[in-house]
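Some notes on the structure that comes next.
2 protein chains.
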Amino acid sequence: MNLTEEKILQAAEEIFLKQGYDGSRMQAIADLAGINKAMLHYYFRSKDQLFERIFKEKYGGFFPTIEGLISSQINFIDKICTFAEKYTLFLIENPYLPLFVINNINKNPDFAKNLPLNLPKTLVMSYMEDAEKGLCRLMNPAQLFMSIFGMCIFPFIGKPMIQKVTGENDEDFKELMKMRSNEIKEHIRLILKP
Amino acid sequence: MNLTEEKILQAAEEIFLKQGYDGSRMQAIADLAGINKAMLHYYFRSKDQLFERIFKEKYGGFFPTIEGLISSQINFIDKICTFAEKYTLFLIENPYLPLFVINNINKNPDFAKNLPLNLPKTLVMSYMEDAEKGLCRLMNPAQLFMSIFGMCIFPFIGKPMIQKVTGENDEDFKELMKMRSNEIKEHIRLILKP
DNA sequence: AATAGATTTAACCAAATGGTTAATATGGTG
DNA sequence: CACCATATTAACCATTTGGTTAAATCTATT
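Protein chains in written order, with my numbering: chain A, 353 to 546; chain B, 353 to 546.
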């Protein structure tokens, strides 16, 4: 992979993630990459193709696959708590990802077709097993996972609002997020305790 | 308020809410309203002003004010549960609102300045009072409210993904949402039980 | 009916934007 | 060096888009 191509991808990622497809300008990407606009088309033909390249690379990470964890044989509560922790740490490093992915799937629901569903499906199965054994409270798994993903994702899509309510600056917010995973784990345990 | 003006506002609301500012075309709004594009500028001068009109009208509803409820003297757990129920019902009727508001506040954080903060602030105070009395578990209120709002909002911003995972159609999804408020109330009670 | 003011329309405009092209530079290879 | 493919650039193009204008139509008041 050549240097120009990489500079373009890096710039495109930054612009597309923050501005979305409609809000992004090819010229802005070129400027950020420090190259001529024609290079974008030389390497990626069109805005659509450049965007799709970034999107496909990024949205797979929406349900980050933590292979070893989800297929391991530990009990569901520990498994989902570990997942929530790793997911939160992942989102701290990729704070723009949730809104980016959500927006593009809402705009073009066809993209959802390619979503890697193994993670949520494996988790649901893992939950059902333990719930039937009486190891966790029984409920509709969709309801459970909406709550869990909501707790994990909301801070990152609602950051400006949260900061407005709490009056925190970015440093405070990062601190709040560091403590977030412990709090989520606690909430999950309370919800699932039989 | 004259008829043309109302038709414009109705069309603008539909387009802006679903497509966002950048994705919306003045021509599309005019077409939907069934009038000439020049009328948009005649009544609202510019796209920005038309958008701001819609946004200000809509985003106040992100924290729907339920005056009687938040200032009532019932215990916090019942109060927040009732709030979650009413909020969910409100979102079922306004499913595009969360993503719309979130996107525009993320794009232009200055808008957060005008957010009506009385609702969250009153709720936090109400929580602190009861927590100190030992009526609910003590924790960082920001963490609590991120979980609650996350549980309420996530289904509406993640709808296409949820449907992909569960394989549900729109009818099924609406049914799932009807049961959502009971589930959230249960989760909140479990999280807050002292 | 005549006048005046508000409303509506078709045609137009300038800027922005995604995309193309033709010419030029660059770097490796015989 | 001469050659050739690749990489890069400036200038250009067609379309889209927000916005304007001048003329036409409607509405009420005298």
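Note that the Cβ used here is the ideal one computed from N, Cα and C, for glycine as well.
How many Å lie between A:V476 and B:K399 at the Cα?
-> Going from the Cα of A:V476 to the Cα of B:K399 covers about 46 Å.
Listed from N- to C-terminal order along the chain, which residues in the region 433–455 of chain A have their beta-carbon within a distance smaller than 8 Å of any beta-carbon of chain B?
-> Hits within the stretch, in order: L451, I454 and N455.
Using a Cβ-Cβ cut-off of 7 Å (strictly less than) and excluding sequence neighbours within five positions of B:G486, which residues of its own chain qualify?
-> For B:G486, where only same-chain residues beyond five positions count, the Cβ hits under 7 Å are P546.
Following the continuous alpha helix (DSSP H) through B:L392, name the residue where it begins and the one where it ends.
-> Counting along the chain, the unbroken alpha helix (DSSP H) around B:L392 starts and ends at K389 to F396.
For the putative contact between B:T518 and A:A494, defined by C-beta atoms under 8 Å, what is the C-beta separation to the nearest angstrom?
-> About 5 Å; that satisfies the 8 Å criterion.
Just tell me which of B:S499, B:I500, B:Y479 and B:M498 has its CA closest to the CA of B:L490.
-> The shortest Cα separation from B:L490 among B:S499, B:I500, B:Y479 and B:M498 belongs to B:Y479.
Could you list which residues in chain B have their beta carbon closer than 7 Å to that of A:M513, in chain order?
-> Within 7 Å Cβ-Cβ: I457, A464 and L467.
Can you name, in chain order, every residue of its own chain whose Cβ lies under 7 Å from the Cβ of A:S376, other than the five neighbours on each side?
-> Taken in chain order, the residues that qualify are I367 and F368.
Roughly how many angstroms lie between the CA atoms of A:A542 and B:I540, to the nearest whole one?
-> Here the sequence assigns Leu to residue 542 of chain A, which means Ala is not the residue at that position. If I take the Cα positions, the gap works out to 10 Å.
Along the chain, where does the alpha helix (DSSP H) that runs through B:P507 open and close?
-> In the DSSP assignment, B:P507 falls within the alpha helix (DSSP H) that extends over P493 to I509.
At a CB-CB cut-off below 7 Å, which residues of chain A make contact with B:F506?
-> The CB of B:F506 comes closer than 7 Å to the CB of M498, F501, G502, I505 and F506 in chain A, given here in chain order.
8 Å Cβ cutoff, A:M491 in contact with chain B | Yes, A:M491 counts as interfacial toward chain B.
Count the other CB atoms, across all protein chains shown, that sit within 10 Å of the CB of B:K537; report buried if there are 16 or more and exposed otherwise.
-> Its Cβ being crowded by 16 or more others within 10 Å, B:K537 is buried.
Cβ neighbour criterion (16 or more within 10 Å) applied to A:I406 | Answer is buried; the Cβ neighbour count reaches 16.
Outcome for A:M531 when other beta-carbon atoms lying within 10 angstroms are tallied against a minimum of 16 = The residue in question, A:M531, is exposed, as its Cβ has fewer than 16 Cβ neighbours within 10 Å.
Using CA coordinates, which residue listed in B:K516, B:N534 and B:E409 is at the minimum distance from A:K465?
-> When each option's Cα is compared against that of A:K465, the closest is B:K516.
When burial is assigned at 16 or more other CB atoms within 10 Å of the CB, is B:A364 buried or exposed?
-> The residue in question, B:A364, is buried, as its Cβ has 16 or more Cβ neighbours within 10 Å.
Measure the Cβ-Cβ separation of B:I429 and B:L544 and say whether it is below 8 Å.
-> The answer is yes: Cβ separation under 8 Å.
At least one CB of chain A closer than 8 Å to the CB of B:R397: is that the case?
-> At a cut-off of 8 Å, the C-beta of B:R397 has no neighbouring C-beta in chain A.
By a C-beta neighbour count over all protein chains shown, 10 Å radius and 16 as the cutoff for buried, is A:G420 buried or exposed?
-> Around the beta-carbon of A:G420, fewer than 16 other beta-carbon atoms lie within 10 Å, marking it exposed.
Report the neighbours of A:L528 on chain B: residues whose CB is nearer than 7 Å to its CB, in chain order.
-> Under a criterion of Cβ atoms nearer than 7 Å, the residues of chain B adjacent to A:L528 are, in order, A494.
What are the boundary residues of the alpha helix (DSSP H) that A:D462 is part of?
-> Boundaries cannot be given for A:D462, as no alpha helix (DSSP H) includes it and DSSP labels it neither H nor E.
So A:M353 and B:F506 are in contact, right, with Cβ under 8 Å, and what is the actual spacing, rounded?
-> Not confirmed; about 37 Å, so no contact.
Going along chain A in order, which residues have a C-beta closer than 9 Å to the C-beta of B:C474?
-> Residue identity differs from the one stated: residue 474 of chain B is Thr in this sequence, not Cys. Think of a sphere of 9 Å around the beta carbon of B:T474: no beta carbon from chain A falls inside it, the nearest being about 11 Å out.
Beta carbon of A:F508, beta carbon of A:P447: below 8 Å?
-> Yes, these two residues count as a Cβ contact at 8 Å.
Specify the secondary structure class of A:R532 as computed by DSSP and reduced to three states.
-> Of the three classes helix, strand and coil, the one that applies to A:R532 here is helix, per DSSP.
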